[in-house]
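Chains as they are written, first to last, in the working numbering: chain A, 109 to 370; chain B, 1327 to 1642; chain C, 220 to 554.
Even for Gly, the Cβ is constructed at its ideal location relative to N, Cα and C.
Since the structure comes first, as structure tokens, the remarks are kept for the end.
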Amino acid sequence: MIQISDVSHQISGLPILTDVTFTLPKGGITALIGPNGAGKSTLLSLMARLSKVQTGAISFDGADVSTTPTQALAKRLSILRQDNSVSARLTVEDLVGFGRYPHHKGRPNAEDHRLVQEALAAMALMPLRQRFLDELSGGQRQRAFVAMVLAQDTDYVLLDEPLNYLDMKHARQMMERLRDTAREQGKSFVIVIHDINFAAAYADRIVALKNGRLHAVGTPKDIVTRPMLKQVFDLDIIVENIRNLPVAIHQIAPFPERQEHP
Amino acid sequence: MGLALTSILVMALLSLTIGVADMSFGAVLQGQVDDALILLASRVPRTMALILTGASMAIAGLIFQMLTRNKFVEPATAGTAESAGLGLLVAVFFLPTVPMLAKMLLASGFAIAGTVLFLRLLDRLPRHQPLLVPLVGLMLGGVIGAVATFFAYQTDLLQYLGIWTTGEFSGVLRGRYELLWITGGLALIGYLYADRFSIIGMGSDVAITLGLNHRGVMWLGLLVVSVITAVVVVTVGSIPFLGLIVPNIVSRMVGDNLRAAVPWAASLGAGLLLFCDILGRVLRAPYEVPIGTILGVLGSAVFLMLLLGRQSHAVR
Amino acid sequence: MPSDRFAQMALPQTGQAPLDRARARVLILGALSLVALGLFLTLGVPGGAWGFALPFRAGKLVALVLVAYAIATSTQLFHAATRNQILTPAIMGFDALYLMLQAGSVFFIGAMATQDLDPILKFSLEVIVMMVFSTGLFLWLFSTQARDLYLLVLVGIIFGTLFRSLSSFISRMIDPNDFVVVQGATFAQFNTVNIDLLWISLVLCAFTVPVLWLLRHQFDVLALGRDTAINLGLPYRRVMLITFATVGLLVSVSTALVGPVTFFGLLVTHLAYRLLPGARFGPTWIAASLVAVITLVGGQAVFEHVLGFKGTLSVVIDLLGGLVFLTLLLKGAQR
């Protein structure tokens, strides 16, 4: 269970997050949505102790991120940031292998090896595993980083826009893989996601942030509605129901003649 | 790797046989005292000093590039070596009677301070300008060097300035190089902590996510790099460019996973230094061209190729 | 893009309001220069030694003024042509190139032949080679507009290291007896100038003054960048060639007279840019040259005759200039 209580955060005097409080149960996928500058990435890095919590508290299964030793946290939660500016020349397998570091501290065993291979396979990276990172395309790199986080094999995985650089096929594959992992291994994913339809299709619950405040928490059916999206994004978006899934048609403005008035 | 080690062995043997004084292995084996003395007092120390310096400076460069996350810097051109030189001058002037080890410690202290200063400056630079990092390093080194020159000028220690600005191995004799064994120990630490330094090279976010004591490892790396550089500066003088070009070559060969890269860097560094030294001894025998000069020509040419090659690579 | 940022810094800003103030400041600088010249000639001359001291000092004075002019001018020309204000010919390894030429000539034609050469003829040849070399090097480096500024700086500095190492290498390769012919200067000596080459240097510098004055407006246009300059009808290639040839000449003069001075040009040009913000090439040029004279002549007078430090002015100047450079880099990176 992730507990976030009364978290506020300022960066050089500017409030980024204000009194954010919510609880997420263990297991499943949580999508974090909101317009640019809503504080999603900041919240994620606070949760992963990449930034110090200024006010409030964040805990994973009761372990407070501010007080729990960082080595212990590394076995419990992992994060992938948005900008992965790794300039080191590593092979894909080496990179993913470093995801096991919190467990083996430099002496990998057979179990570590197996988990690395699993993560590589899950991200369809087996053919690329001997390639260096600087020889990969943006999408391939992105998958390698996600594989690294998966190899860390933590109960909680925080991903900041993991679908960046991915084409349609790999984006869908990745979301399916994450959903399967969540179901089969009981892991919890918190994912910042911009494509609202991916959130609707794969998330078990959605957390909407706006202007640094919590706006709503609920199931996709609760959140992906025309009025709610209008509140969160200040944008009028048609939402259709297709195969029992809410689908937002956000690319085009609703034409007056298309509006359904009886 | 086997090939690399064999060629180092061959060069080490070659290095043992070259010199102004007559000496032959046959004579040593026949029990000629003079020849044995030359071998033990001058040739073996020199060859050992070359291997230790080459290996440890290459590893220092490798770790430095991980700490700064930049491929175009090395301690000998980013303020660390210059700071160590300044520390040596200060030690010679204020504490002329203390033993060499104490002077070395003071130089190390200065080197650490200089490296910390450089890393602080780096925090203020934007990440997306990788070429700014070596520039600021070179300038910082230049400014510290100017302070040292001024100090040397005022205290009549200009000849000491020469000692650390150009590395030279002709003065290496038994009893005057043993401090270099410290660098061997530090290089070993570099190998033992290779995984941690590799993770540091991926940035603080990744390091924290993997539960690494980021600050602690940064400080360890800083210490290893600074002390290696200071010991080298104090005993044989500054060895420029070695710590820059060897890690770049190794990176292209085996990548940046230090577990694999450290042994390669050590062998290539030692081999390169042995080669340059042999070259310096035979080019103009019986005189010697200092190794710093040879590395200056060779290293700056390779660095230019790296820089301009990077450009065409980026275009492609 | 940092190159754009530095480029903007180099743009002359319009606005005539501070013109009178600029003129007043140039006049003040002129007066201060005269004071510096006077101090240099008279400070600390022992009584009765005037007949000996004055001609001796006058020669040194002319040399220092020439060096001040040459460094300030070459730096400012370089700034206009490359559209940035943090590079100088010295930082780009120019003076190292000159020293390498000297070592190379000893190596290839031998010390005896080198010494037998008429110094003026030898110097003229060196200047010509420098002009050709600098024009070639910089046209090559700056032929593409899109080049990253920091790459250029770095390449320049490493070229400098390469030239310095090569000249030290060459001087080791020549006979140790010839070694003395090539003085391995690592920093400038303002108190021991090379008087032999004084007259030819004076003639060369005097020749550049009217040329640059006539071209001063073209340098303003040049600073707008290649495309704009061509659009405004500037014979771009020709002006660039003249600029870099002049830079090569002036660097030869200053390096021959006192040795390599890395950051002096940066220091004085930036003082001039500060004193005359937004001024055109012409007034800035005068101001930079005057600031250089005040710093070099006044500084040498004070250092030599008041503080009693003989050769340290160049070290202090390089230290200050180095700090200016570091600040510029950090400031440029901040924005």
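Item                                                                                                             : Value
Contact between the segment 298 to 316 of chain C and the segment 382 to 393 of chain C (3+ Cβ pairs under 8 Å)  : yes
Rounded Cβ spacing between S116(A) and Q162(A) (contact assumed at less than 8 Å)                                : 7 Å
Helix, strand or coil at Y317(C) [DSSP, three-state]                                                             : helix
Neighbour list for S1577(B) in chain A, Cβ cutoff strictly below 7 Å                                             : R197
For S1577(B) and Q364(C), the rounded distance between their alpha carbons                                       : A caution first: Q364(C) carries a pLDDT of 48, below 50, which makes its placement in the model unreliable, though a value can still be read off. So the alpha carbons of these two residues sit roughly 31 Å apart.
Per-residue burial, P454(C) [other beta carbons within 10 Å of its own, 16 or more giving buried]                : exposed
Per DSSP, cross-strand counterpart(s) of Y264(A)                                                                 : L185(A), S296(A)
Candidates F271(C), V477(C), F388(C): closest to A1624(B) by CA position                                         : According to the sequence as given, residue 1624(B) is Leu; it is not Ala. Of F271(C), V477(C), F388(C), the residue nearest in Cα terms is F388(C).
Check whether A1402(B) and S1564(B) have beta carbons under 8 Å apart                                            : yes
Per-residue DSSP class, three states only, for N352(A)                                                           : coil
L228(A) to P270(A) span [Cα, whole Å]                                                                            : 16 Å
Amino acids of chain B, ordered along the chain, whose beta-carbon sits closer than 8 Å to that of V161(A)       : Those within 8 Å of V161(A) in chain B number zero; the least Cβ separation is about 14 Å.
Backbone CA spacing between A1410(B) and L1427(B) [nearest angstrom]                                             : 13 Å
Where P177(A) falls: helix, strand or coil (DSSP)                                                                : coil
C-beta atoms of F342(C) and L248(C) nearer than 8 Å                                                              : no
Cβ neighbour criterion (16 or more within 10 Å) applied to A442(C)                                               : buried
Exposure label - E523(C); buried when at least 16 CB within 10 Å                                                 : buried
Buried or exposed (CB count within 10 angstroms, at least 16 for buried), Q1391(B)                               : buried
Beta-carbon gap between V1469(B) and L538(C) smaller than 8 Å                                                    : yes
Secondary structure of H302(A), DSSP reduced to three states                                                     : coil
Boundaries of the beta strand (DSSP E) in which T126(A) is found, first to last residue                          : 122 to 132
Residues from the segment 1526 to 1539 of chain B in contact with chain A, defined by Cβ distance under 9 Å      : G1527, M1528, G1529, S1530, D1531, V1532, I1534, T1535, L1536, G1537, L1538, N1539
Between the CA atoms of R237(A) and L223(A) - distance to the nearest angstrom                                   : 14 Å
Buried or exposed (CB count within 10 angstroms, at least 16 for buried), P1371(B)                               : buried
Proximal residues, the segment 1565 to 1597 of chain B versus chain C, C-beta separation under 9 Å               : P1566, F1567
Nearest neighbour of L1621(B), chosen from L1505(B), C1602(B), N1583(B) [CA to CA]                               : C1602(B)
Beta carbon proximity, R298(A) to chain B, threshold 8 Å                                                         : For clarity, residue 298(A) is Val in the given sequence; the question names Arg instead. Closer than 8 Å: no.
DSSP three-state assignment for A311(A), whether helix, strand or coil                                           : coil
G1413(B) classed as buried or exposed, judged by whether at least 16 other C-beta atoms fall within 10 angstroms : buried
Rounded distance between the beta-carbons of P1573(B) and A1596(B), thought under 8 Å                            : Incorrect: roughly 14 Å between the Cβ atoms, too far for contact.
Which listed residue (D342(A), N352(A), R351(A)) has its alpha carbon closest to that of H358(A)                 : D342(A)
Spatially closest choice to V200(A) from L258(A), L233(A), S296(A), by CA coordinates                            : L233(A)
Residue-level contact to chain B via CB, T380(C), 8 Å cutoff                                                     : yes
Cβ-based burial, L1484(B) [other Cβ within 10 Å; buried from 16]                                                 : exposed
Span separating the alpha-carbon of K295(A) from that of D263(A)                                                 : 5 Å
8 Å CB neighbourhood of A196(A) in its chain, flanking five on each side removed                                 : L241
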